[in-house]
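A.B. asks: Protein sequences, first through last, are from chains A and B. Reading the first sequence from the start, the letters are residues 21 to 489 in our numbering. Reading the second sequence from the start, the letters are residues 3 to 112 in our numbering.
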Amino acid sequence: MADGINMNAIILTAIWGIVMMLAGAFIKNKSTPKYLAIGGLVLIILANGIELNWQEPLFAIDVKDMLHTNSFNLTFIAVMLVCTLLYFLLNGRDIEKVGNHVAEYFALIFFVLCGVAIVATFNTLLMLFIGIEIISIPLYILTGSDKRNLKSNEAALKYFLMGSFSTGIMLMGIAFIYGGNTSASFFLDRINMGAGTMPVMIAIGLVLLLISMSFKVSAAPFHFWTPDVYDGAPTVFTSFMATIVKAAGFFAFVRLFENAFGTVQPQWQKLIVVITAATLLIGNLTAVFQQSVKRMLAYSSIAQAGFMLFALFALNEKAKEGLVLYAAAYSLATIGIFAVLIKMNDYTIDGFNGLAKKQPILALTATIFLLSLTGIPLTAGFQAKFYMLLAAVSNGHQIWLVILAVLCAAISAYYYFRVIQAMYFKDGNETVEQEWDVTPAFKALLVITAGLIIALGIYPNLLLDWLHY
Amino acid sequence: MEIQWYIYLAAALFSIGVIGVLTRRNAIIIFMCIELMLNSANLLLVAFSKMHAAAAIGKATATVVSDGQIFVFFIMVVAAAEVAVGLAIIVMMYRNVHSVDVNFLNRLKN
Numbered sequence: 021m022a023d024g025i026n027m028n029a030i031i032l033t034a035i036w037g038i039v040m041m042l043a044g045a046f047i048k049n050k051s052t053p054k055y056l057a058i059g060g061l062v063l064i065i066l067a068n069g070i071e072l073n074w075q076e077p078l079f080a081i082d083v084k085d086m087l088h089t090n091s092f093n094l095t096f097i098a099v100m101l102v103c104t105l106l107y108f109l110l111n112g113r114d115i116e117k118v119g120n121h122v123a124e125y126f127a128l129i130f131f132v133l134c135g136v137a138i139v140a141t142f143n144t145l146l147m148l149f150i151g152i153e154i155i156s157i158p159l160y161i162l163t164g165s166d167k168r169n170l171k172s173n174e175a176a177l178k179y180f181l182m183g184s185f186s187t188g189i190m191l192m193g194i195a196f197i198y199g200g201n202t203s204a205s206f207f208l209d210r211i212n213m214g215a216g217t218m219p220v221m222i223a224i225g226l227v228l229l230l231i232s233m234s235f236k237v238s239a240a241p242f243h244f245w246t247p248d249v250y251d252g253a254p255t256v257f258t259s260f261m262a263t264i265v266k267a268a269g270f271f272a273f274v275r276l277f278e279n280a281f282g283t284v285q286p287q288w289q290k291l292i293v294v295i296t297a298a299t300l301l302i303g304n305l306t307a308v309f310q311q312s313v314k315r316m317l318a319y320s321s322i323a324q325a326g327f328m329l330f331a332l333f334a335l336n337e338k339a340k341e342g343l344v345l346y347a348a349a350y351s352l353a354t355i356g357i358f359a360v361l362i363k364m365n366d367y368t369i370d371g372f373n374g375l376a377k378k379q380p381i382l383a384l385t386a387t388i389f390l391l392s393l394t395g396i397p398l399t400a401g402f403q404a405k406f407y408m409l410l411a412a413v414s415n416g417h418q419i420w421l422v423i424l425a426v427l428c429a430a431i432s433a434y435y436y437f438r439v440i441q442a443m444y445f446k447d448g449n450e451t452v453e454q455e456w457d458v459t460p461a462f463k464a465l466l467v468i469t470a471g472l473i474i475a476l477g478i479y480p481n482l483l484l485d486w487l488h489y
Numbered sequence: 003m004e005i006q007w008y009i010y011l012a013a014a015l016f017s018i019g020v021i022g023v024l025t026r027r028n029a030i031i032i033f034m035c036i037e038l039m040l041n042s043a044n045l046l047l048v049a050f051s052k053m054h055a056a057a058a059i060g061k062a063t064a065t066v067v068s069d070g071q072i073f074v075f076f077i078m079v080v081a082a083a084e085v086a087v088g089l090a091i092i093v094m095m096y097r098n099v100h101s102v103d104v105n106f107l108n109r110l111k112n
């Protein structure tokens with residue numbers, strides 16, 4: 021480990037992105053890119069697993085300490101890669117339907133994964149900035165990939181303008197932090213100035229960084245772009261944006277504030293309390309009134325972001341473990357429920373009426389995903405929420421925030437259960453028959469995803485043991 | 003020159019950029035205002051880099067001080083990539099609605 025770091029994931033995702041782009045030029049068959057992408061991702065997961073298991077880099081590259089890997093962030097990258105693999109397997113056929121440039125869509129997703137690996141390992145503000153941009157720029161394109169659809173156009177433009185606006189704010193914050201610290205460097209541990217009063221310029225920089233990262237993870241009051249963008253983007257890509265990208269954003273958020281500003285946490289904790297409370301309330305209360313399941317899931321992703329913000333609020337070991345568990349639980353459940361949603365013709369809640377009779381397996385797995393999102397015991401969602409709240413309680417400040425979070429989880433049960441109720445207790449409209457593009461393999465994968473959620477819910481150490489391997 | 007003047011200038015440019023983004027309705031102008039924000043950060047980084055260099059004269063640790071200027075190059079490259087994607091999105095929008103006015107962006111509001 022002395023002269024190199026484990027950056028297989030970063031290198032291989034970037035290379036495979038280029039491979040996919042070239043494949044797009046040479047392969048005219050529409051379904052081949054999917055298999056190429058799945059094969060590549062399996063390779064990357066194996067390479068990442070080798071590093072995690074033996075701590076031995078395949079490429080020993082001296083990065084001058086700009087990136088930092090340990091089993092904690094390698095595990096996080098592994099979780100994200102496995103979630104992406106499930107996403108490819110579940111949604112591969114639907115990605116093919118978005119447009120004519122199938123291989124390019126996969127290439128862009130691989131570039132996003134490269135950015136995810138960078139923001140999981142960054143050790144300087146420069147790498148944070150580059151990682152965030154590598155995630156964002158391909159996503160602008162994916163959002164607008166349905167070129168003839170006005171809603172997709174609108175979502176892409178909105179996402180682009182909001183995304184680059186928040187990048188501008190982030191850069192200003194970085195500039196102020198650079199000016200304010202006497203060490204004249206961007207390394208996180210040198211910004212860390214020890215407990216005491218902050219210089220004014222660092223305080224300004226901290227607030228600007230807080231605002232821009234809140235934009236990226238759609239925390240209130242900077243969440244307003246999220247419902248529109250998630251609603252307008254092609255549903256397959258919404259699924260990707262709402263899960264892997266959001267989880268990576270949170271990981272970067274926590275990593276940044278822990279390593280750079282951890283020692284002065286009492287000074288900014290109140291800001292996080294306000295943001296967390298606002299995010300929980302706004303996300304949950306607006307989700308109640310949505311008629312479209314897609315839009316409801318967009319608001320629910322804001323509400324879940326409120327829970328993930330507890331990691332930033334507590335900032336202890338439990339919170340960091342909880343964040344990885346939350347990322348896994350939330351990503352699996354959301355990818356699953358979106359995979360079911362994509363198969364529906366009608367995205368309103370009434371569209372789910374009577375699904376249990378027509379497609380019992382889809383309805384059953386969707387129920388498990390929704391229960392996990394609500395946080396019912398025996399699902400991964402429960403364990404994740406439990407870890408988050410436990411971390412917040414052991415932090416000892418602002419216990420009312422924990423109570424608020426539990427109340428909000430109760431509110432969330434209302435809108436999640438409405439979908440379950442529609443599936444099981446309402447009769448569907450028999451006159452409108454829809455073509456079900458559902459293969460046995462798809463059903464099997466849904467069952468596997470649901471099985472993973474329950475396994476993590478019963479025995480979360482399956483995942484957590486790797487963090488301190 | 004004193005460092006404050008650079009900070010005032012950068013803050014002024016940044017504020018003009020933010021106000022422009024929040025008030026203008028033309029997508030291209032919003033986009034230009036975002037570029038203004040990025041460039042104010044560039045200006046500040048270069049100024050601070052020079053400030054740190056001046057402070058480091060005579061000290062043993064005088065080698066790390068060009069970080070800020072290197073950062074500026076990264077920002078320029080990323081901004082160029084962003085422009086490429088952003089203008090493509092605006093052109094795509096224009097082809098469909100024959101306007102770059104963001105007031106047209108209300109189809110998603112139900």
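Using N, Cα and C, we set each Cβ at its ideal position, and we do this for glycine too. Predicted, not measured: the structure shown is a model, and the values here were computed from it.
Quick check: the Cα distance between A/LYS84 and A/TYR367, rounded to an integer number of angstroms?
C.D. replies: Going by the C-alpha atoms only, they are around 50 Å apart.
A.B. asks: If you check the beta carbons only, do B/MET95 and A/LEU177 fall under 9 Å apart?
C.D. replies: The answer is yes: Cβ separation under 9 Å.
A.B. asks: When you check each C-beta in the stretch 170-181 of chain A against every C-beta of chain B, which residues fall closer than 8 Å?
C.D. replies: So the close ones are LEU170, LYS171, ASN173, GLU174, ALA175, ALA176, LEU177, LYS178, PHE180 and LEU181.
A.B. asks: Against B/MET3, what residues of chain A qualify as contacts under a CB-to-CB distance less than 7 Å, listed in chain order?
C.D. replies: Here the premise fails: no neighbours, minimum Cβ distance about 15 Å.
A.B. asks: If A/PRO158 sits next to A/PHE131, beta carbons under 8 Å apart, how far is it from one beta carbon to the other, in whole angstroms?
C.D. replies: Going by Cβ atoms, the distance from A/PRO158 to A/PHE131 rounds to 5 Å, so yes, they are a contact pair.
A.B. asks: How would you label A/HIS15, buried or exposed, when you count the other beta carbons within 10 angstroms and need 16 or more for buried?
C.D. replies: Residue 15 of chain A lies beyond the residue range present for chain A, which begins at 21 and ends at 489; the question has no answer from this structure.
A.B. asks: Where do the N-terminal and C-terminal ends of the alpha helix (DSSP H) with A/MET328 fall, by residue?
C.D. replies: That run of the alpha helix (DSSP H) goes 313-334.
A.B. asks: A/GLY371 versus chain B: which residues are under 7 Å apart at the beta carbon?
C.D. replies: Those within 7 Å of A/GLY371 in chain B number zero; the least Cβ separation is about 16 Å.
A.B. asks: Pull up the distance between the alpha-carbon of A/THR354 and that of A/ALA204, whole angstroms please.
C.D. replies: Answer to the nearest angstrom: the Cα atoms are 42 Å apart.
A.B. asks: Of all the CB atoms in chain A, is at least one closer than 9 Å to the CB of B/ALA14?
C.D. replies: So, not an interface residue.
A.B. asks: With a CB to CB cut of under 6 Å and the five nearest residues on each side skipped, what residues in its chain are close to A/GLY112?
C.D. replies: Excluding residues within five positions, the ones whose Cβ falls inside 6 Å are LYS54.
A.B. asks: Let me know if B/VAL74 comes out buried or exposed under the rule of 16 or more other beta-carbons within 10 Å of its beta-carbon.
C.D. replies: When all chains shown are included, B/VAL74 counts as buried.
A.B. asks: What is the rounded straight-line gap between the Cα of A/GLU5 and the Cα of A/ILE47?
C.D. replies: Residue 5 of chain A lies beyond the range of chain A shown here (21 to 489); nothing can be said about it.
A.B. asks: Under three-state DSSP, which class holds A/ASP366?
C.D. replies: Residue state, collapsed to three classes: coil.
A.B. asks: Would you check if the distance between the CB atom of A/VAL102 and the CB atom of A/VAL344 is smaller than 9 Å?
C.D. replies: No, Cβ-Cβ distance for A/VAL102 and A/VAL344 is not below 9 Å.
A.B. asks: Quick check on the DSSP output: the alpha helix (DSSP H) that includes B/HIS54 runs from which residue to which?
C.D. replies: From DSSP, the alpha helix (DSSP H) with B/HIS54 extends over 29-58.
A.B. asks: Within 10 Å of its beta-carbon, does A/PHE96 have 16 or more other beta-carbons around it, so buried, or fewer, so exposed?
C.D. replies: A/PHE96 comes out buried.
A.B. asks: From the DSSP output, which residues share a beta bridge with A/LEU87?
C.D. replies: In DSSP, A/LEU87 forms a bridge with A/PHE142.
A.B. asks: With 16 as the cutoff for other CB atoms within 10 Å, does A/THR187 come out buried or exposed?
C.D. replies: By the neighbour-count rule (16 or more Cβ atoms within 10 Å), A/THR187 is buried.
A.B. asks: Assign A/LEU421 to buried or exposed, taking buried as 16 or more other Cβ atoms, counted over all protein chains shown, within 10 Å of its Cβ.
C.D. replies: Flag for A/LEU421 reads buried.
A.B. asks: Would A/PHE185 pass as an interface residue toward chain B - the criterion being a Cβ-Cβ separation below 9 Å?
C.D. replies: Yes, contact with chain B.
A.B. asks: Taking only beta-carbon atoms, is B/HIS54 less than 9 Å away from chain A?
C.D. replies: Closer than 9 Å: yes.
A.B. asks: Compute the Euclidean distance between the alpha carbons of B/VAL23 and B/ALA83, then round it to the nearest angstrom.
C.D. replies: About 20 Å.
A.B. asks: State the start and end residues of the unbroken alpha helix (DSSP H) segment that holds A/ARG438.
C.D. replies: It spans 419-445 - the alpha helix (DSSP H) in which A/ARG438 sits, taken as one unbroken run.
A.B. asks: Report the partner residues of B/ASP103 according to the DSSP bridge assignment.
C.D. replies: Beta-bridge pairing links B/ASP103 to B/ASN28.
A.B. asks: Using a Cβ cut-off of 8 Å, pull out every chain A residue sitting near B/GLN87, in sequence order please.
C.D. replies: Here residue 87 of chain B is Val; the residue named in the question, Gln, does not match the sequence. Near B/VAL87 (Cβ distances below 8 Å), the residues of chain A are ILE157, TYR160, ILE161 and PHE180.
A.B. asks: Taking Cβ-Cβ distances below 8 Å as the criterion, which residues of the stretch 406-438 of chain A are in contact with chain B?
C.D. replies: Residues: none.
A.B. asks: Along chain B, which residues have their Cβ under 7 Å away from the Cβ of A/LEU146?
C.D. replies: The answer, in chain order, is PHE73 and PHE76.
A.B. asks: Tell me whether B/ILE91 is buried or exposed, calling it buried when 16 or more other Cβ atoms sit within 10 Å of its Cβ.
C.D. replies: By the 10 Å Cβ count, B/ILE91 comes out buried.
A.B. asks: I need the boundaries of the alpha helix (DSSP H) containing A/THR459, first residue and last residue.
C.D. replies: Per DSSP, A/THR459 belongs to no alpha helix (DSSP H) and is neither H nor E.
A.B. asks: Indicate whether A/LEU382 and A/VAL360 have their beta-carbon atoms separated by less than 9 Å.
C.D. replies: Their beta carbons are under 9 Å apart, which means A/LEU382 touches A/VAL360 by this criterion.
A.B. asks: Can you tell me where the alpha helix (DSSP H) holding A/SER259 begins and where it ends?
C.D. replies: Here the alpha helix (DSSP H) through A/SER259 covers 255-260.
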